[in-house]
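Quick notes on the structure that follows.
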Amino acid sequence: MPLPKPPAKRAALLTPTDFESQAAPRPGKRSQKTSLSAEPASPAELNLYDTPEVAAAPMAEPVVVPSPAQHHVKRPAAEPRARKPRGDGPAKLFVLDTNVLMHDPMSLFRFEEHDIYLPMITLEELDGHKRGMTEVARNARQVSRDLDSLAAVMGTRDASGMSEGLPLSRTGHREAAGKLFFQTNLVNVSLPPGLPQGKADNQILGVVQALREQQPKRDVVLVSKDINMRIKARALGLPAEDYFNDKTLEDGDLLYTGVLPLPADFWDRHGKTMESWNQGGLTYYRISGPMVPALLINQFVYLEAPGAAPLYAKVTEITGKTAVLRTLREYTHQKNAVWGVTARNREQNFALNLLMDPECDFITLTGTAGTGKTLMTLAAGLSQVMEDRRYTEIIVTRVTVPVGEDIGFLPGTEEEKMGPWMGALDDNLEVLSKSDGGAGEWGRAATNDLVRSKIKIKSLNFMRGRTFLNKYVIIDEAQNLTPKQMKTLITRAGPGTKIVCLGNLAQIDTPYLTEGSSGLTYAVDRFKGWPHSGHIMLARGERSRLADFASEVL
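Numbering (our numbering), first residue to last: 36 to 589.
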């Protein structure tokens, strides 16, 4: 766009009348954008693209400009815009069960424009679970603090004041546009005689039924994580729902895999505008075309066509409408073996490229049993600790959730207590120590002692407040972590630390945790596309033919 011509003569100054007319509302096309009739007047400013009527005002001779204090208009504070409800009818009223609050302490602020109702028995159950050091007790105390903050901003604390509802956005959660209601009077419960009246779940069901009778024009919905509670509610004709706001994904099949197959006509559609060059023994391709918007940084792409050389590359840069692909180091060949371990399939090759990349600080590996997650991660860690000296030691931790009944007290130190949980680590160390065939029995024993001195086993319970410097951290069985626990662990990383999360989303042992709400799913979804993280979903098992067949048919 060409610049305007410079002025040829000295400009004349506006008179005070003309100056004030600039801030006045003007009819026409420009007034539709500003909507000055609904908003307070903006400060006076000189408009260089005025309408013809104002621009044709006669120019007076130069006058002295009045002092700025006379014409300075103070901008009023912008009023917050009211959130528009998504529906046309009245907001729903959600009655929360106690397990929802203890599962997610932020659930009070996750219902957008809808209102929340808390029965008095819910507060009693919260009070009964607040003692202890478990995750449930911490969540109960957090909910109690949030409720106390909401009740503190209320003007009157009598029953009539409570019945008006407390705005949930008072404590800074602007996404919550509804109100919070407490049960302040006794509700006449009329449940079937077969339901005991003293049980807490049945009292909540009675409150829901009474609210539906008191407010027939409003949707009253029970929200509970308890399946039996929802079954009883539906048997009584009461609407009940599960708590879905803790789920990162509705369907586990939609989880980011980290791998994208290229179409068969990739070279034909992108070859004309493609740039390529070699650097450091690797080939780079700069592409521009319809595939670029679908790519993410550190995502792996591949093209396997019959009769042509396969392409395996990683997206390293996305700038505007162009992307840069970089070919991979071939870890399937023995010359590139990592601590004696080579990749047996395509996804394992992708995973080893991530694990050996010093620019990737956070890596997640998912897959069924026997896909080689722990073995590859441990081999890459030993290679970078013992040979490259990139990290000082390996730290291994996992969630201590038993598959069956607990075996009871475990004696010894922290590492000795974690020993029974680290059977997978011992199995993989045994495989890695046998890879050195020419060292002899004494050499392998010495190597095994040296390797174990570089591996520290830590409990998840003592991670709060720690900072890991230049460590290689392995979080095994990460599918059993909640999003809050995952955040606690990842934020322990200091400078030069790499964190690798391993897990199988089909084997979750933590109660109330699903594939959509697991901390591993949460981390994969939030970190995708970050230049210093990567994710691979391993699909093919390499443990044994028995393990592969069992994963498919059982």
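No residue lacks a Cβ here, since even glycine has one placed at the ideal position from N, Cα and C.
Whole-angstrom distance between residue j and residue i, CA atom to CA atom
i	j	result
Asp183	Leu464	52 Å
Gly229	Ile239	16 Å
Leu548	Leu516	9 Å
Val100	Glu199	Any answer about Val100 is weak, because its pLDDT of 43 lies below 50 and its placement is not dependable; what the coordinates show is given next. Going from the Cα of Val100 to the Cα of Glu199 covers about 55 Å.
Arg578	Asn371	21 Å
Ala95	Ala43	Confidence at Ala95 is low in this model, with a pLDDT of 43, below 50, so the placement of that residue should be treated as unreliable; the coordinate-derived value is given next. Cα to Cα, the separation comes out at about 18 Å.
Glu352	Met168	45 Å
Asp139	Ala414	37 Å
Leu573	Glu382	6 Å
Arg575	Met391	21 Å
Ala459	Thr409	8 Å
Asp583	Leu589	10 Å
Leu524	Phe503	10 Å
Val420	Asn539	26 Å
Ala343	Asp303	14 Å
Arg321	Leu467	39 Å
Lys469	Gly375	9 Å
His305	Val327	11 Å
Ala513	Pro251	46 Å
His164	Met155	15 Å
Glu339	Thr318	17 Å
Val508	Arg166	32 Å
Met264	Ala480	57 Å
Ala76	Pro41	Unreliable placement is indicated for Ala76, whose pLDDT of 42 sits below 50; no coordinate value is reported for it.
His106	Leu185	Here the model assigns His106 a pLDDT of 44, short of 50, so the residue's position is not dependable, and the following value carries that caveat. The alpha-carbon atoms of His106 and Leu185 are separated by roughly 43 Å.
Ile266	Arg561	34 Å
Pro341	His368	21 Å
Ala275	Ile262	10 Å
Glu248	Ile543	41 Å
Phe301	Leu485	49 Å
Met498	Asn380	35 Å
Ala404	Asp462	14 Å
Leu600	Phe385	Since the first residue shown for the chain is 36 and the last is 589, residue 600 is missing from the structure and cannot be characterised.
Best match in the options for proximity to residue i [C-alpha to C-alpha]
i	options	result
Ser259	Cys395, Leu230, Ala235, Gly200	Ala235
Gly213	Leu128, Lys349, Pro546, Ala378	Leu128
Thr556	Ile353, Gln520, Glu587	Gln520
Ser586	Gly402, Lys44, Ile525	Gly402
Leu221	Leu246, Pro518, Lys563	Leu246
Gly551	Leu289, Ser142, Lys252	Leu289
Lys307	Ile490, Pro345, Gly324	Gly324
Glu159	Val420, Val178, Met141	Val178
Pro518	Glu339, Arg487, Asn280	Asn280
Gln314	Leu297, Asp132, Arg364	Arg364
Asn388	Asn134, Gly293, Gln542, Met155	Gly293
Ala378	Thr406, Glu394, Gln249	Thr406
His149	Gly531, Ile156, Pro125	Pro125
Ala299	Ala275, Ala513, Pro345, Gln514	Pro345
Thr133	Leu295, Leu485, Asn237	Asn237
Integer-rounded CB distance, given that residue j should sit under 8 Å from residue i
i	j	result
Ser553	Ile398	That belief does not hold up - the Cβ atoms of Ser553 and Ile398 are roughly 17 Å apart, past 8 Å.
Val373	Ser311	Not a contact, Cβ separation roughly 28 Å.
Tyr366	His570	Not quite, the Cβ-Cβ distance comes to about 18 Å (not below 8 Å), so this is no contact.
Val224	Val130	Not a contact, Cβ separation roughly 13 Å.
His208	Phe144	4 Å
Tyr426	Asn483	No, Tyr426 and Asn483 are not in contact; Cβ-Cβ is about 19 Å, not under 8 Å.
Ile151	Leu215	5 Å
Leu605	Thr545	It is not possible to answer for residue 605, since the shown part of the chain is limited to 36 through 589.
Thr219	Asp181	Not quite, the Cβ-Cβ distance comes to about 19 Å (not below 8 Å), so this is no contact.
Cβ-heavy atom distance, residue i to the ligand MG, below 6 Å
i	result
Leu297	Here there are no bound small molecules, and the ligand MG is not part of this structure.
Beta-carbon gap between residue i and residue j smaller than 7 Å
i	j	result
Gly416	Ile429	yes
Thr357	Ala348	no
Thr412	Val559	no
Val350	Gln334	yes
Arg487	Arg527	no
Leu257	Ala268	yes
Tyr278	Val135	yes
Ile203	Ala211	Position check: residue 203 holds Leu in this sequence, whereas Ile was assumed. In contact: Leu203 and Ala211 (Cβ atoms closer than 7 Å).
Asp396	Lys533	yes
Leu297	Val336	yes
Gly564	Leu330	no
Leu273	Val243	yes
Met141	Asn174	no
Leu161	Phe217	no
Residue-chain proximity (residue i, chain C), Cβ-Cβ < 7 Å
i	result
Arg247	The structure shown contains no chain C; it is built from a single protein chain.
DSSP beta-bridge partners of residue i
i	result
Cys536	Thr399, Ile510
Pro125	Answer by DSSP bridge pairing: none, since Pro125 is not bridged.
Asp150	Leu128
Arg321	Glu310, Val359
Ala528	Phe503
Leu215	Ile151, Leu201
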